[in-house]
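For reference, the structure is listed below as C-alpha cells.
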Ligand code: ZN
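The following block contains the structure:
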C-alpha cells in the first residue's frame, strides 16, 4: 500500500506549481474506504500558496470524504530527488488534526527509507476545543 501511495505522491509532485520556492511537494491521501487523492503545492506571486497536504484534503473533503487512513508526502527542490524528510508544515498539521484520529499515519519518504508518524507525534499538545 505504501509503495502504491509513494508512486502516486511522486506523480503528484510533478504537478506542483512552485515557481517561487522551486520546492515541489506531492502527496497521496488515502481514505479508509481505499480511495487515494493526489495533492501538490500550488504557489502564486502573493502569499496565498497552498501546500500539497491541504490540497489533497480539500479535494477529498469537498467530495464528502471524512475518514482518512494516511497521507504520504514527497518533497524536494525541483529537478532533484528527496535527500531529506519532507514533513507537513505547522499549518497543515493543525489543519489535518481537525479530520484525523490517532491511527492516521503521516508517511515520509527519502529514497528507500519510509517513516511513519502519528498526528500527535508531529503536533503534540494540539489546540482543540
Ligand atoms: Zn503545509
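Residue numbers (my numbering): 38 to 166. All residues carry an ideal CB built from backbone N, CA and C; glycine is no exception.
The beta carbon of residue 94 sits closer than 7 Å to the beta carbons of 66, 132, 133, 136 from its chain, once the five residues preceding and following it are set aside; these are given in chain order. Ranked by Cα distance from residue 75, the first of 92, 81, 157 is 92. The three-state reading of DSSP puts residue 153 in strand, counting E and B together. Residue 60 holds the alpha-carbon nearest to the alpha-carbon of residue 88 among 98, 60, 68.
With a cutoff of 8 Å on beta-carbon distance, residue 49 and residue 64 are scored as near each other.
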